[in-house]
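Only one structure is covered here, and it is reproduced in the block below.
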Amino acid sequence: MLIRKNTSVAVTTKTAGNIHNIKWPTSKVLAISTTRLNPLALNQIHSLAERNHTEETIHSEETKLSSDFDYFNLGDHVGDCAEAVASNRRALLNFFPKNTDIQWLKQVHGSYVAEIEQHNVLPIVADAAITRQKRLALAIMTADCLPILLADKNGTEIAAIHAGWRPLADNIIEKTINKMHTPAKNICAWLGPCIGWQAFEVGEEVKHKFIDNSKAFAKAFIPTENDKANSKSPTKYLADIMMIAIMQLEKLGIEKIANVKDCTYSDAKKYYSFRRDGRTGRMASVICIT
144 MLIRKNTSVA
154 VTTKTAGNIH
164 NIKWPTSKVL
174 AISTTRLNPL
184 ALNQIHSLAE
194 RNHTEETIHS
204 EETKLSSDFD
214 YFNLGDHVGD
224 CAEAVASNRR
234 ALLNFFPKNT
244 DIQWLKQVHG
254 SYVAEIEQHN
264 VLPIVADAAI
274 TRQKRLALAI
284 MTADCLPILL
294 ADKNGTEIAA
304 IHAGWRPLAD
314 NIIEKTINKM
324 HTPAKNICAW
334 LGPCIGWQAF
344 EVGEEVKHKF
354 IDNSKAFAKA
364 FIPTENDKAN
374 SKSPTKYLAD
384 IMMIAIMQLE
394 KLGIEKIANV
404 KDCTYSDAKK
414 YYSFRRDGRT
424 GRMASVICIT
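Reading the sequence shown from the start, the letters are residues 144 to 433 in my numbering.
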């Protein structure tokens, strides 16, 4: 079952760690979170450390991809080959029951929460989504931002949140939970890989956006070493968005919280990172009621 933080994370990996297979208290909920590696064709994957950056890589359906996106990009808005992205998205359906549809979002770093009753072919403009429909999977794309998946313990309601710092500062978690029918005490939360605090440098204005909501968030911001050496007040901080999200979830009454501590910025072999690479692909965290 999902468990509190500070104990072993209730996440297992399949196919040599190419995908996170998320365990829930109920078998009625299925969820996965991808990496930049192809979860279905391990034998076609070369080590990023061994290949030349100008080399084209092999796609699971023999489609050639540029080295900017590599093996399993799921973002259709980043300049990748449209056919390759569509093929990768179809590959995700192998992890879900037959006749499942995946609802994609057009994420704009806002805080709008969409309640979805039927699948839309076009992406919905939102940064969080809720559904109570079976076989309607919700997908969140990330490449440093924090993916959050929610499910009630009985498997009747699910949600997916794109928790970058802007949506977090605008209370997207609270807005999502307020739209759910499930009491917070019966909701389980999973937090996926994101940029770690050691790599996420932000300005003072970002800190103040959170401090204005609650002074308790001050502990999630550490002055950089350069600023510590200056006599003036620091203007740059290392921000821990995972800590902020957990604090928000706990304040809302959610007790069962599992998180993956991997840093997307630091692990270039496994994860896409926008801050590290700029032009890059996207991973996806997907949840479904079976």
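By construction, the Cβ of each residue, glycine as well, lies at the ideal position given by its N, Cα and C atoms.
Near residue i, what residues of its chain come up, given a Cβ to Cβ distance below 8 Å and the 5 sequence neighbours on each side ignored?
| i | result |
| --- | --- |
| A438 | Here the chain comprises residues numbered 144 to 433, so residue 438 is not present and cannot be evaluated. |
| N356 | A312, N314 |
| I389 | K148, L334, I400, N402 |
| K328 | G396, I397, E398 |
| V228 | N216, L217, G218, D219 |
Take residue i and list the residues in its own chain whose beta-carbon comes closer than 7 Å to its own, dropping the five residues that flank it on each side.
| i | result |
| --- | --- |
| G339 | C406, Y408, S409 |
| I387 | L311, F353, F360, A363 |
| P266 | W247, L248, K249 |
| R419 | Y408, A411 |
| R425 | N216, L217, G218, V221, M284, T285, A286, Y415 |
| M239 | In the sequence on display, residue 239 carries Phe and not Met. Once the five neighbours on either side are set aside, the close Cβ partners of F239 are L173, A280, C431. |
| E204 | Residue placement at E204 cannot be trusted, given a pLDDT of 38 that sits under 50; what the coordinates show is reported in the next sentence. Hits under 7 Å: S230. |
| K322 | V256, E258, I273 |
| N263 | Q246 |
Can residue i and residue j be called in contact, C-beta distance under 8 Å?
| i | j | result |
| --- | --- | --- |
| T433 | L236 | no |
| I273 | T319 | yes |
| C337 | L381 | no |
| L217 | A427 | yes |
| E260 | Q276 | yes |
| A404 | T178 | The residue asked about is misnamed: residue 404 is Lys in this sequence, not Ala. The answer is no: Cβ separation not under 8 Å. |
| G335 | K171 | no |
| T325 | E344 | no |
| D295 | I245 | no |
| A269 | I384 | no |
| I316 | L395 | yes |
Which one or two residues does DSSP pair with residue i in a beta bridge?
| i | result |
| --- | --- |
| M284 | A427 |
| A174 | I165, I430 |
| V345 | Y380 |
| C224 | None, per the DSSP bridge assignment. |
Once the 5 residues before and after residue i are set aside, which same chain residues still bring their CB inside 6 Å of it?
| i | result |
| --- | --- |
| E347 | T378 |
| A303 | A272, L281, I283, L292, I430 |
| K350 | F364, Y380 |
| I162 | I175, T177, P182 |
| G358 | The amino acid occupying residue 358 in the given sequence is Lys; Gly does not appear at that position. Hits under 6 Å: none found. |
Which runs of the alpha helix (DSSP H) spanning at least 4 residues fall entirely within the stretch 364 to 424, listed in chain order?
-> Taking only runs of at least 4 residues, the alpha helix (DSSP H) segments lying wholly in the stretch 364 to 424 are 368 to 371, 384 to 394, 417 to 420.
What are the complete beta strand (DSSP E) segments, minimum 3 residues, inside the stretch 233 to 289?
-> Counting only runs of 3 or more, we get 244 to 246, 256 to 258, 271 to 274, 279 to 285.
Please determine if the stretch 298 to 318 and the stretch 249 to 267 are in contact, where contact requires at least 3 C-beta pairs separated by less than 8 Å.
-> Flag = yes, the stretch 298 to 318 and the stretch 249 to 267 touch.
In chain order, which continuous runs of the alpha helix (DSSP H) of length 4 or greater are located wholly inside the stretch 284 to 334?
-> 308 to 312, 315 to 322, all fully within the stretch 284 to 334.
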